[in-house]
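There are 2 protein chains.
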Amino acid sequence: MLTLHHLRIGRSIFTVWLLEEVGCEYQLKEYLRNPETMRAQDDLKAVHPLGKSPVIEDDDLMLTESGTITAYVLDKYDSEHRFHPRRDDLKTWARYHQWVTYAEGSVFAPLLLKMLTLRSTDHPVITPFSDAEIALHFTHITNQLGDKDYILGDTLSGADFGMAYMVSMAERLGQLEPYPSLQAYLDRCRARPAFIQAINKAVE
Amino acid sequence: MLTLHHLRIGRSIFTVWLLEEVGCEYQLKEYLRNPETMRAQDDLKAVHPLGKSPVIEDDDLMLTESGTITAYVLDKYDSEHRFHPRRDDLKTWARYHQWVTYAEGSVFAPLLLKMLTLRSTDHPVITPFSDAEIALHFTHITNQLGDKDYILGDTLSGADFGMAYMVSMAERLGQLEPYPSLQAYLDRCRARPAFIQAINKAVE
Numbered sequence: 004m005l006t007l008h009h010l011r012i013g014r015s016i017f018t019v020w021l022l023e024e025v026g027c028e029y030q031l032k033e034y035l036r037n038p039e040t041m042r043a044q045d046d047l048k049a050v051h052p053l054g055k056s057p058v059i060e061d062d063d064l065m066l067t068e069s070g071t072i073t074a075y076v077l078d079k080y081d082s083e084h085r086f087h088p089r090r091d092d093l094k095t096w097a098r099y100h101q102w103v104t105y106a107e108g109s110v111f112a113p114l115l116l117k118m119l120t121l122r123s124t125d126h127p128v129i130t131p132f133s134d135a136e137i138a139l140h141f142t143h144i145t146n147q148l149g150d151k152d153y154i155l156g157d158t159l160s161g162a163d164f165g166m167a168y169m170v171s172m173a174e175r176l177g178q179l180e181p182y183p184s185l186q187a188y189l190d191r192c193r194a195r196p197a198f199i200q201a202i203n204k205a206v207e
Numbered sequence: 004m005l006t007l008h009h010l011r012i013g014r015s016i017f018t019v020w021l022l023e024e025v026g027c028e029y030q031l032k033e034y035l036r037n038p039e040t041m042r043a044q045d046d047l048k049a050v051h052p053l054g055k056s057p058v059i060e061d062d063d064l065m066l067t068e069s070g071t072i073t074a075y076v077l078d079k080y081d082s083e084h085r086f087h088p089r090r091d092d093l094k095t096w097a098r099y100h101q102w103v104t105y106a107e108g109s110v111f112a113p114l115l116l117k118m119l120t121l122r123s124t125d126h127p128v129i130t131p132f133s134d135a136e137i138a139l140h141f142t143h144i145t146n147q148l149g150d151k152d153y154i155l156g157d158t159l160s161g162a163d164f165g166m167a168y169m170v171s172m173a174e175r176l177g178q179l180e181p182y183p184s185l186q187a188y189l190d191r192c193r194a195r196p197a198f199i200q201a202i203n204k205a206v207e
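One line per chain: the protein sequences are A and B, in this order. Residue numbers for the first sequence follow the working numbering, so the first one is 4 and each next one is one higher. Residue numbers for the second sequence follow the working numbering, so the first one is 4 and each next one is one higher.
As structure tokens, this is what we get:
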């Protein structure tokens, strides 16, 4: 059975959501943050040397990186292709995969910068840089979403797990107010039974 | 024919290298940075709204995100699987893909933080954060490399294009001195005929 190493509260709740949507069996191992630094502690480092979450284990496979975990879980458990396109249509797959990797590869860094400056103090270069990059990316995501329900259409796909995390991070950092359609998108994701089930299992 | 939109000088030189290794035909469209801000200019925004590079076009497909571009190019042109594993062995593929996405998804952000503080001034939280994260990731990459020639073994793979870029970025930021095996790895990548050809075509 697949095991998810889950650091409360953070990124990996969106992997719990993925597993709930897919409906596969899994075991949840929970870890707590250091209450002072709010960072992961040594128990997670004993699982994987980076000491970050999510990490999944499946027999002899240990896997990090949210986008890769999404790809692996969907390849293994979404055999009906409800959440990811078939790979034999390479262009459709590439367009989909671009949105899976865009979240971690491009949107995350400016949000991290914003989080670090909000926790402490502004910086003459970093603060305007992160403001401009957040505006660029969240405008781009807004345009992609348009009046669709989810990032790639009117049904949920693998691209939504990473993107909804980025939108939730922007909300937590007070950056979402200019993007009401993204707030509605996040609320739509949160209202899904699988998301509610994930919160019940992994947060409450 | 595939077109690569290439911003001089930056990330996309590693996509030129990928295309040279694969040996496919491609067209290179070059863009210059604003000499004052060192950032991309509006001509690249006319190609794609994010105004970043690399971007590839292949008939009606427009694709961003380095890791996805690597996956697409190898799926389409590396039919002999010289540089990427077959997908029917899902665990091997996932382990490989994890290293493709790790570069952009985890290693890049701390290097970006370091670049921004080096260009301007230190920050009481961001500077120690980026120092610790760079040490964490570059130790992890060093351990993964071990005494192999490339990240996943003694032959080049799709995981090396992104990773070599991260190592080159660390070199440029003066962060590579504690990691002599990574310097040797970068030098090994740069000595490959396809890398030299990429530099000749896209930099000189």
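Beta carbons are placed, not taken as given, at the ideal position from N, Cα and C, and that holds for glycine. All figures in this text were calculated on a predicted structure; none of them were measured in a lab.
Look at B/A162 and B/Y99 and say whether their C-beta atoms are less than 8 Å apart.
Yes, Cβ-Cβ distance for B/A162 and B/Y99 is below 8 Å.
Let me confirm a value: A/G156 is counted as buried when at least 16 other C-beta atoms fall within 10 Å, else exposed. Which label applies?
Answer is exposed; the Cβ neighbour count stays below 16.
If you run the structure through DSSP and keep just helix, strand and coil, what is A/Y182?
Of the three classes helix, strand and coil, the one that applies to A/Y182 here is coil, per DSSP.
Contact check, B/V58 vs B/A201 under 8 Å by CB: the rounded distance?
At roughly 17 Å, the Cβ-Cβ gap does not stay under 8 Å, so B/V58 and B/A201 are not in contact.
Taking C-alpha atoms, which residue in B/P181, B/P196 and B/K79 lies nearest to B/T142?
Among B/P181, B/P196 and B/K79, the Cα nearest to that of B/T142 belongs to B/P181.
What residue from B/Y75, B/L10 and B/Y80 has the CA that sits closest to B/V103's CA?
Measuring from the Cα of B/V103, the nearest candidate turns out to be B/Y75.
Could you name the residues of the same chain whose beta carbon sits closer than 6 Å to that of A/Y34, not counting the 5 residues immediately before and after it, in chain order?
Here the set comprises L10, D46 and L47.
For the alpha helix (DSSP H) that contains B/L176, what are its first and last residues?
No alpha helix (DSSP H) contains B/L176, which DSSP labels as neither H nor E.
Is any beta-carbon of chain B found at less than 8 Å from that of A/Q200?
Chain B, which has no Cβ nearer than 8 Å to the Cβ of A/Q200, makes this no.
At which residue ranges does the region 74-149 of chain B contain complete alpha helix (DSSP H) runs of 4 or more residues, listed in the order of the chain?
Here the runs fully enclosed are 93-105, 111-122 and 129-148.
Cα separation between B/K79 and B/E28?
Computed Cα separation, rounded: 12 Å.
Taking A/F132 as the query, report the chain B residues whose CB atoms sit under 8 Å from its CB, ordered along the chain.
Within chain B, the residues near A/F132 are L119.
Which residues, taken in chain order from the region 70-90 of chain A, show a beta carbon closer than 9 Å to some beta carbon of chain B?
Listed in sequence order: G70, T71, I72, A74, Y75, D78, K79 and R90.
Please report whether the beta-carbon of A/Y153 lies at a distance below 8 Å from any beta-carbon of chain B.
Judged by the 8 Å Cβ criterion, A/Y153 is not in contact with chain B.
Using 8 Å for Cβ pairs, my map puts A/L31 next to B/V128. What's the rounded Cβ distance?
With 8 Å as the limit, A/L31 and B/V128 do not qualify as a contact, their Cβ atoms being about 31 Å apart.
Would you say A/S2 reaches chain B, if we count a Cβ-Cβ gap shorter than 8 Å as a contact?
Examination of residue 2 of chain A is not possible in this model, given that chain A is present from 4 through 207 alone.
I'd like the list of long-range same chain contacts for A/A106, defined as Cβ closer than 6 Å, with 5 residues on each side in sequence excluded.
Excluding positions up to five away in sequence, the list reads G165, M166 and M169.
Within the 8 Å Cβ cut-off, does A/Q101 reach chain B?
Answer yes: the Cβ-Cβ gap between A/Q101 and chain B drops below 8 Å somewhere.
Could you tell me which of A/V110, A/I16 and A/E83 sits nearest to A/S160, measuring between CA atoms?
Closest by alpha carbon: A/E83.
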